[in-house]
Amino acid sequence: MTRHYNFCAGPAALPVAVLERARSELVDYQGRGLSVMEMSHRSDEFVAIAEKAEADFRQLLGVPENYKVLFLQGGASLQFSMLPMNLLGQGGSADFIQTGIWGKKALNEAKRLGYACHVAGSSEPNGHVAVPEHDVLRVSKDAAYLHYTSNETIGGLEFDYTPHMTREDGQSVPLVCDMSSNILSKPIDVSEFGVIYAGAQKNIGPAGLTLVVVRDDLIGRAKPDIPSLFDYQMLAEAGSMVNTPPTYAWYLAGLVFEWLRNDIGGLTAMDAINQRKSDKLYAAIEASDFYSNPIAEQNRSRMNVPFVLADSALDKAFLQEADQAGLLNLKGHRSVGGMRASLYNAVPEEAVDALVAFMADFEKRRG
Ligand code: PMP
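First residue of the sequence shown: 1, per the UniProt record's numbering; consecutive thereafter.
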């Protein structure tokens, strides 16, 4: 068996220990004589798996009692629609900070559904190389929430602060954060947020599962005519089982949470490892005239590191040779080109060392 280093932006690398555990339980789950994939989602066995995964996630991230954790389908993209449907039932505007492609999609989807939307700040004028400073943000006077993307996966732009905002009338605006590509990468204070959501396929588990962490007071505001499967209240009341949930993805996410706690030692330890990994790669880029990354230092993503070669004619050779060296999926997003190394939790530090060594060698030979 050969495992290469996988820098894919998502679906992304999973911890080897998790894959091996899943393999050992694949055919016969803990002596029950069947696979998790074949269990009823209402069986005692699966309900125990589901509850443990939720409990471990709550413990890891420090989710307070007054928040529900939903295990849903439809990807982070479905939340672009479900959020306004659920939070704007009582009117008001959805406010957005724009720092790249995903935040724009979230805004466009809310607009498409006819909701009142307002841009509270944008990094578009600087080409998305630095997030807007806190003091230039402006929320509308009836903002029901403020949406932002804590880490823009394509641009490699990460917030270095939490954009709390207060409306003209003195009300603080609930923060809604798309944490798809940096959830569980470091400790956060969940109580600062109204809603946190994330597609699973980066730091949580396989594709097909989306986690939504929502504060109780934001549940039950949906317009009554939305589909039941989109209604946070109905989903919360049914323990995310209004219909059949993505059971196997839920189970695998549970294994990832266990790995994070037992093998890594929790989010503080994960944070330190992630810091070291990204520091090493940015230092290598910085030290060379051959590689470059345009993002302002304080907003460089620790999860997604885009970079370009001085001569883009060498891109193809770089990617081919990297692939041959067992460094997979370094191609930048199709909308921006260049390279991108995603350094999610499950990408080990050795992978970054191998990438940095390969980059130096490529530069020596081809630069
Ligand atoms: N938001 C962010 C920040 C993302 O990186 C992605 C996926 N790359 C999405 C949303 C969309 O996720 P999904 O494919 O699960 O809908």
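Idealized CB from N, CA, C, for every residue including glycine. Computed from a prediction, not measured in an experiment: that's the story for all the values here.
- Message: Looking only at its chain, what residues have a beta carbon closer than 6 Å to the beta carbon of Val214, apart from the 5 residues adjacent to it on each side?
- Response: Excluding positions up to five away in sequence, the list reads Lys68, Val195, Tyr232.
- Query: Thinking C-alpha only, which one of Met82, Val347, Gly62 is nearest Leu281?
  - Reply: Val347
- Task: Report whether the distance from the Cβ of Thr99 to the nearest heavy atom of ligand 1 is below 7 Å.
- Result: no
- Item | Where His147 falls, given that 16 or more other Cβ within 10 Å makes a residue buried | buried
- Query: Which runs of the alpha helix (DSSP H), 4 residues or longer, sit entirely within the stretch 149-202?
  - Reply: none
- Among Val352, Leu319, Glu349, Val356, nearest to Ile339 - alpha-carbon criterion: Here residue 339 turns out to be Met, not Ile, going by the sequence shown. Among Val352, Leu319, Glu349, Val356, the Cα nearest to that of Met339 belongs to Leu319.
- Task: Compare the beta carbon distance of Leu88 and Ala144 with 8 Å and say whether it is the shorter of the two.
- Result: Against a cut-off of 8 Å, the Cβ pair of Ala144 and Leu88 comes out as a contact.
- Query: Under 7 Å from any heavy atom of ligand 1, does the C-beta of Thr210 make it?
  - Reply: yes
- Minimum C-alpha distance to Thr149 - residue among Ala13, Asp135, His128, Arg167: His128
- Query: Name the DSSP beta bridge partners of Asn6, please?
  - Reply: Leu328
- Message: Any heavy atom of ligand 1 closer than 7 Å to the beta-carbon of Gly10?
- Response: yes
- Task: Using 10 angstroms around the beta-carbon of Cys100, count the other beta-carbons present and answer buried if the total reaches 16, otherwise exposed.
- Result: Reading off the sequence, residue 100 comes out as Gly, not Cys. Classification of Gly100: buried, given that the 10 Å Cβ count is 16 or more.
- Identified DSSP bridge partners for Gln59: Partner(s): none; Gln59 has no beta bridge.
- Message: Considering Cα atoms alone, identify which of Asp169, Thr162, Ala238 is closest to Met179.
- Response: Thr162
- Message: By the three-class DSSP mapping on this structure, what secondary structure does Ile264 have?
- Response: helix
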